[in-house]
Every structure is written in structure tokens, then in C-alpha cells.
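Going down the list, the sequences are from chains S and A.
So for the first sequence, the working numbering puts the first residue at 1; every next one is plus one.
So for the second sequence, the working numbering puts the first residue at 416; every next one is plus one.
Every residue gets a Cβ at the ideal spot worked out from N, C-alpha and C, and that includes glycine.
Every value quoted in this text rests on a predicted model; they were computed, and no experiment measured them.
Below you'll find the structure, written out as C-alpha cells, and then a few comments.
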Amino acid sequence: MPQLPCIIIGASHAAAQLAPSLRQEGWDGPILVVGDESFIPYHRPPLSKAYLLGEKTVDELLIRPADAYGRHGIEFRLGVRVESIDRQAKTLTLASGEELAYAKLAICTGTRVRTVNLPGSELAGVHYLRNIEDIDRIRQVVRPQGRAVIVGGGYIGLETAAVLNQLGMQVTVLEMADRVLARVTAPQVSAFFQRVHEQEGVSIQTAVAVSGFAGDGRVERVLCADGRLFAADLVIIGVGVVPNVELAAQAGLATDNGILVDACARTADPDIVAVGDCTLHPSPYYGFIRLESVPNATEQAKSAAAALCGKDKPYAALPWFWSDQYDVKLQIAGLNQGYDQVVVRGDREVGRSFCAFYLKQGKLIAADCVNRPQEFMFSKRLITENIEVNAQQLADEDIQLKSLLVPVDAALPLN
Amino acid sequence: MPVIKYIQPNGQAVEFEVPLGSSVMQGAMDNMVEGIVAECGGACSCATCQVYVDPAWMEIVGPACDFEQDMLSAASDVRSNSRLSCQIEITPELHGLIVSMPG
Ligand SMILES: Cc1cc2nc3c(=O)[nH]c(=O)nc-3n(C[C@H](O)[C@H](O)[C@H](O)COP(=O)(O)OP(=O)(O)OC[C@H]3O[C@@H](n4cnc5c(N)ncnc54)[C@H](O)[C@@H]3O)c2cc1C
Ligand code: FES
Numbered sequence: 001m002p003q004l005p006c007i008i009i010g011a012s013h014a015a016a017q018l019a020p021s022l023r024q025e026g027w028d029g030p031i032l033v034v035g036d037e038s039f040i041p042y043h044r045p046p047l048s049k050a051y052l053l054g055e056k057t058v059d060e061l062l063i064r065p066a067d068a069y070g071r072h073g074i075e076f077r078l079g080v081r082v083e084s085i086d087r088q089a090k091t092l093t094l095a096s097g098e099e100l101a102y103a104k105l106a107i108c109t110g111t112r113v114r115t116v117n118l119p120g121s122e123l124a125g126v127h128y129l130r131n132i133e134d135i136d137r138i139r140q141v142v143r144p145q146g147r148a149v150i151v152g153g154g155y156i157g158l159e160t161a162a163v164l165n166q167l168g169m170q171v172t173v174l175e176m177a178d179r180v181l182a183r184v185t186a187p188q189v190s191a192f193f194q195r196v197h198e199q200e201g202v203s204i205q206t207a208v209a210v211s212g213f214a215g216d217g218r219v220e221r222v223l224c225a226d227g228r229l230f231a232a233d234l235v236i237i238g239v240g241v242v243p244n245v246e247l248a249a250q251a252g253l254a255t256d257n258g259i260l261v262d263a264c265a266r267t268a269d270p271d272i273v274a275v276g277d278c279t280l281h282p283s284p285y286y287g288f289i290r291l292e293s294v295p296n297a298t299e300q301a302k303s304a305a306a307a308l309c310g311k312d313k314p315y316a317a318l319p320w321f322w323s324d325q326y327d328v329k330l331q332i333a334g335l336n337q338g339y340d341q342v343v344v345r346g347d348r349e350v351g352r353s354f355c356a357f358y359l360k361q362g363k364l365i366a367a368d369c370v371n372r373p374q375e376f377m378f379s380k381r382l383i384t385e386n387i388e389v390n391a392q393q394l395a396d397e398d399i400q401l402k403s404l405l406v407p408v409d410a411a412l413p414l415n
Numbered sequence: 416m417p418v419i420k421y422i423q424p425n426g427q428a429v430e431f432e433v434p435l436g437s438s439v440m441q442g443a444m445d446n447m448v449e450g451i452v453a454e455c456g457g458a459c460s461c462a463t464c465q466v467y468v469d470p471a472w473m474e475i476v477g478p479a480c481d482f483e484q485d486m487l488s489a490a491s492d493v494r495s496n497s498r499l500s501c502q503i504e505i506t507p508e509l510h511g512l513i514v515s516m517p518g
């Protein structure tokens, strides 16, 4: 009897690492990746950066070329949706009705954009941003001097604003909260990004609730609850994502704001793992978390591959993120949830280089580093190595973070 | 197409043709060479694509930009011939380049 495959649902970052890692861990059966997009796994972060800007082609987005998978016996079924999982029979049902049997299963279904249900949100010219096809559609509407309105001032909204601005559009960002990036950064960092965007010519409006869209056949205006109107040739809505947990939930696996897994990416079913944006997993630093980041998908995939081959390789990496806007390279070490103190190093009021450190009960838990690669790298280590630091050291530019890495009693004279 | 020689952490050397305009990192990813992670996909943000360039090739490869140097100066296991492989673009001059992957 031919060996049954390990099937991976979702062909993106998690799958692109999981499939080859399975081979490295010794899985010698077939590997089949089933994905509902029409591409083999590609880098999603450049969508709102180099790809929207037109600096990268689809081929350059691919995480690996097709033949790299072929050489390792990794097969794809693309443009196909998995509709359900039968854990008793160990089969999947595809949208076509076809059934596939599996030996092992990996759920890597990621997230989908949160959609809004407002009058006019179905008009042509109103877009979301998650995959290649979204960007291809958006690019058709981009033209110099055109007016773009971005709904939502999160990272993806701001990156998109920066690119459309660089492409010559007049860009307005509408944010419901009283500052951009309100969910993810301290007010000091929000104020910095607002300043940078305004310097570049993007208009940022905060504390404004969008109430609908209007236009004759295609969007022409964005309407706000306070009565304001914004003219628009292009609207991009970036108000967050929701995890794709339904498949797992219907199969009776535990889900919350994500598919519940352990540190080795295992669900309660010994033959099923889940990886990436769709998982709620334990972190040694922050408790149970769901992350939306490529490093998370990649690192967790390695643990999952080991788990599927019967080995324990718990995933314990520190979360980190990055965002590129104009000449600003933001690198974020750790998660700032629950912080009670923010310490700024460098001048955030002028220029484009500073750090914001987040402390919780006197302990460093995260750092937003703007054009400060060294501080980013050392912050990661200060957090993971649980090294005690104080606000004054962090704020003092004369104290190199590197010097804080050395425990005081082991410190050697510097030469 | 330039051929790049990758020495994997276990000492085994492998050679692959890597297209012009691609990067030493991408060449390693495309061929599933062991020893690098490349978490950020080449955005010079993670330093998980560090390689050691064969000393004889350092000059031809050229210097790292300031940002990369800063990343490297804070990375672990750095040596004087460390580079972030996503920042080494494949050019005709790099035919024969030898890099080794950290453990
Ligand atoms: C514009 C943009 C910019 C970003 N920038 C950054 C950044 O700078 N840095 C960073 O770290 N992260 C960034 N991210 C987030 C990053 O892309 C995600 O964390 C990453 O893609 C997660 O990978 P994943 O494999 O878990 O899930 P996803 O990439 O969401 O992939 C899941 C795949 O599964 C498919 N799927 C879902 N359900 C089914 C089904 N039933 N059957 C078949 N297929 C299914 C989906 O269509 C999708 O292709 C960005 C995301 C976007 C959209
Ligand atoms: S791949 Fe991240 S720095 Fe090179």
C-alpha cells in the first residue's frame, strides 16, 4: 500500500518552512500542500512594500522556486480550498467534493482581512490588502495625483500610505483611535510616525470614524460620522485580520482567538499540528499569544516538523517584527503588552533614529527601534537573557546596550 | 550563471548556480542549503542569514553598508568575514564564491 501523505493546509510562510523541515526531520512519505491561492508560497511582507512599489516581480516574491520543492518531493494542489477535516477517518474534503486521506496533517490557514460592512463598501475602488491579487488590483488604480484614502493607521496601512505617496498619490490616512498604531506602540512612537508621514506629505486624521463610501459606480468619497468627506479614487481598508480557525473548530479542535497548540505546535490530536498566524501558542516570555509575523510562522514550523516526526523541539523564540516606511526601518523586539513604563533613547522629536523601550515592573519586555539595528539586536538579547536594566541606563546614549549584556560581577575592564 | 559554493555546518560543501541579481541568501534558500534561516526574507532586518565569506573573496564581495555593519556588530558568532548573505547580490564577478554557514 502506498504511504499516506502529510498534508499541509495553506500554502504560505508556514508551509514553505514546514515542508522542507519535515524532510530534514526525516519524514520520507509524500508531502502535499493544499492552498486556496493560486501561487506557491511567496513573501507576504513585500506586498505593502517593494511589490506595491513595483520594485519586485511575482517571481522575486517566491520564498523558493517551484523546482526546489520538486526536488524534495513536495507537491502542491493550488487554487483549492479545504472544506472540512474528518479526524476519525483521517480525511479532508476539498471544495470540489474530492476526499484526500492523510497520515499527518498541518493546519497553516493563517488569517484573513477583517472586512467592514458599511454602506458603499462593495463599490469598485474599495480594496483590502492581503495577497498578490489584491495588490495587482490596487496597482491598476494607482496614478500620480490620484487621491488615496487608507482606512486604518496600523503598520500595513502606514506602509501602504508611504508607498502610494512615493508613487505620487495624495494620501490620507483615517484612523479611528486618537493616534496611529494605537494598538501596538506607545504614544511617543505613534507621534513619531505621524510626524514622518506628515513631513512626507501624507495627511493623517485621527479620532475619525468612517461611516460609508459613496460614488457613481465606483468610489469617489469616503464619508465620516462627524460629517466630513474625503475625496477618493482609491480606498484601502486595513483594519486588522481574523484567524482562520473554522476548519479546526469544526473538526472539534480547541480554538479561541487562534487554534490552540502546545510549545511543539501540537493540537490535542496526535496527528495534527497547527502553525503560524492561525495559532494560539505558549510563549516562555508572554504566556499564550497569537502572533502575526513571518519569523513566528518560520520558527514554529520547525517545531511542528519535529513534532510530526515524533521529536520534541519546543518553540521558544522571542517574537519580533519589522516595518519599512520611507527611509525608516523599524525593528521591534518582543511584545509590549502590559507595559507600565516607556523609556526613550535618542531624539524622537527630530530626525529619524531613536528607540522606545517598554518596561513592566522594572523589567525590559520590548523595544521599538527606529533605524537602530544595534539596539534592536541587543534588546533581543537583554530580553531573552532576562538581564536586569534600569530606565536611566536605557535612556543614556553614552551607555552602550552591549555593555549591559555582561553581568556586573563578571564584567571585565574594557580596552 | 555564477556558481556559489556553500559549506554547510556539517562541513559538507555543495555548489549551485545562482541567477544574476539574486542573492547569496536566496541561492541558499532555493537549494535548501542548511545553516541559515533568513527570517525576514532579505529585508536586512534579522541577521539570521549570516555567512562567513572565504577570506580570499572578501574584497570582491565588497564592504557591508552601515546598517548591515550595525546588525552584524550585534549578532552572535560574528567574525571579521561575516556578512548578511541577503545583502550580497549575485554578480558575474562572484562566480566561484565560497561561503560557509554558521553552525
Ligand atoms: C501586507 C502585509 C504586510 C506584512 N508585513 C509584515 C512584516 O513586515 N513583517 C512580518 O513579520 N510580517 C508581516 N506580515 C504578516 C505575515 O505576512 C504573516 O505573519 C504571515 O504571512 C503568516 O504566514 P502563515 O503561513 O501563518 O499564514 P498566511 O500567510 O495567512 O497563509 C495562510 C494561507 O492559507 C490559505 N488558506 C486558508 N484557509 C484555507 C483552506 N481552508 N484551504 C486552503 N487554503 C487555505 C490562505 O489563503 C493563505 O494562502 C504582513 C502581512 C501583510 C498582509
Ligand atoms: S534575511 Fe534577514 S537579514 Fe538577511
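>> For the segment 450 to 472 of chain A, list every residue whose C-beta sits within 9 Å of some C-beta in chain S, in sequence order.
In response: Listed by position along the chain: Val452, Ala453, Glu454, Cys455, Gly456, Gly457, Ala458, Cys459, Ser460, Cys461, Ala462, Thr463.
>> Assess contact between the segment 52 to 70 of chain S and the segment 328 to 347 of chain S, defined as three or more Cβ pairs (one per stretch) separated by less than 8 Å. Is contact present?
In response: no
> By a C-beta neighbour count over all protein chains shown, 10 Å radius and 16 as the cutoff for buried, is A:Met416 buried or exposed?
Replying inline: exposed
>> If we require 3 or more residues per run, which beta strand (DSSP E) segments fall completely within the segment 170 to 217 of chain S?
In response: 170 to 174, 203 to 205, 210 to 214
> So which residues of chain S does A:Asp492 contact, with C-beta pairs closer than 9 Å?
Replying inline: Near A:Asp492 there are no residues of chain S at all, since even the closest Cβ is about 13 Å away, more than 9 Å.
> Mind checking if S:Ala410 is an interface residue toward chain A, Cβ cutoff 7 Å exclusive?
Replying inline: Bear in mind that the predicted position of S:Ala410 carries a pLDDT of just 49, short of 50, making it unreliable; the figure below should be weighed with that in mind. S:Ala410 does not count as touching chain A.
> Exposed or buried, which one is S:Lys329 when buried takes at least 16 other CB atoms within 10 Å?
Replying inline: The residue is buried, with at least 16 neighbouring Cβ atoms inside 10 Å.
>> With a threshold of 7 Å on Cβ separation, who are the neighbours of S:Asp347 within its own chain once the five nearest residues in sequence on each side are excluded?
In response: Around S:Asp347: Phe354.
> Is A:Ala489 close to chain S, meaning its C-beta is less than 7 Å from at least one C-beta of that chain?
Replying inline: yes
> Which value, in whole angstroms, describes the spacing of the CA atoms of S:Asp28 and A:Val439?
Replying inline: Each residue's Cα considered, the two are about 28 Å apart.
> Could you check where the alpha helix (DSSP H) with S:Ile132 kicks off and where it finishes?
Replying inline: 132 to 141
> Residues bridged to S:Cys355 by DSSP?
Replying inline: S:Arg345, S:Cys369
> Any heavy atom of ligand 1 closer than 6 Å to the Cβ of S:Trp27?
Replying inline: no
>> In the DSSP assignment, the beta strand (DSSP E) including S:Ala333 goes from what residue to what residue?
In response: 328 to 334
> Smallest Cα separation from S:Tyr35: which of S:Phe76, S:Ala148, S:Gln17, S:Pro2?
Replying inline: Per the sequence presented here, residue 35 of chain S reads as Gly, with Tyr not at that position. The residue with the shortest Cα to Cα distance from S:Gly35 is S:Phe76.
> Mapping DSSP to helix, strand and coil, what is A:Glu474?
Replying inline: helix
> Using the rule of at least 16 other Cβ atoms within 10 Å of the residue's Cβ for burial, across every protein chain shown, is A:His510 buried or exposed?
Replying inline: Exposed is the call here.
> Between which two residues does the beta strand (DSSP E) harbouring S:Phe321 extend?
Replying inline: 320 to 325
>> Please return the same chain residues whose Cβ sits closer than 6 Å to the Cβ of S:Leu52, not counting the five positions on each side in sequence.
In response: Correct list, in chain order: Ile135, Val163.
>> Is A:Met516 close to chain S? Criterion is C-beta to C-beta, closer than 7 Å.
In response: no
> What residues in the segment 343 to 354 of chain S have a beta carbon less than 9 Å from any beta carbon of chain A?
Replying inline: Those residues of the segment 343 to 354 of chain S that come within reach of chain A (Cβ to Cβ, closer than 9 Å) do not exist; the list is empty.
> In chain order, what residues place their C-beta within less than 7 Å of a heavy atom belonging to ligand 2?
Replying inline: A:Met440, A:Ala453, A:Glu454, A:Cys455, A:Gly456, A:Gly457, A:Ala458, A:Cys459, A:Ser460, A:Cys461, A:Ala462, A:Thr463, A:Cys464, A:Met486, A:Leu499, A:Ser500, A:Cys501, A:Gln502
> Roughly how many angstroms lie between the CA atoms of S:Ala251 and S:Ile85, to the nearest whole one?
Replying inline: The straight-line gap separating the alpha-carbon atoms of S:Ala251 and S:Ile85 is approximately 6 Å.
>> So if I threshold CB-CB distances at 7 Å, which residues from the segment 290 to 301 of chain S count as touching chain A?
In response: Val294, Pro295, Thr298
>> My assumption, with CB atoms under 8 Å, is that S:Val189 sits in contact with S:Ala356. Please give the rounded CB distance.
In response: 5 Å
> Quick one: what's got a C-beta closer than 7 Å to A:Pro434's C-beta in the same chain, skipping five residues either side?
Replying inline: Cβ contact annotation for A:Pro434 (same chain, cutoff 7 Å, sequence separation greater than five): Met416, Ile505, in chain order.
>> Quick check: what's the CA-CA separation for S:Cys309 versus A:Glu430?
In response: 29 Å
>> So for S:Asp398, helix, strand or coil by DSSP?
In response: coil
>> Does any residue of chain S have a CB that is nearer than 7 Å to the CB of A:Phe482?
In response: Look at A:Phe482: its C-beta is under 7 Å from a C-beta on chain S.
>> Just to confirm my understanding: we take S:Ala191, look at its own chain, exclude 5 residues before and 5 after, and list those with CB closer than 8 Å. What are they?
In response: For S:Ala191, the CB contacts under 8 Å within the same chain, skipping 5 residues up- and downstream, are Arg179, Arg348 in chain order.
>> Which residue marks the beginning of the alpha helix (DSSP H) containing S:Lys302, and which one marks its end?
In response: If you look at S:Lys302, you'll find it in the alpha helix (DSSP H) that goes 294 to 308.
> chain S partners of A:Leu486, CB-CB under 7 Å?
Replying inline: The question names Leu, but residue 486 of chain A in the sequence shown is Met. Residues of chain S passing the Cβ test: Pro373, Met377.
>> Once DSSP output is grouped into helix, strand and coil, what is the label at A:Glu508?
In response: helix
> With DSSP run on the structure shown, which of helix, strand or coil describes S:Cys224?
Replying inline: strand
> With a cut-off of 7 Å, does the C-beta of A:Met447 fall near any C-beta of chain S?
Replying inline: yes
> For S:Glu25, which residues from the same chain have a beta carbon less than 6 Å from its beta carbon, with the 5 sequence-adjacent residues on both sides left out?
Replying inline: Ala305, Ala306, Cys309
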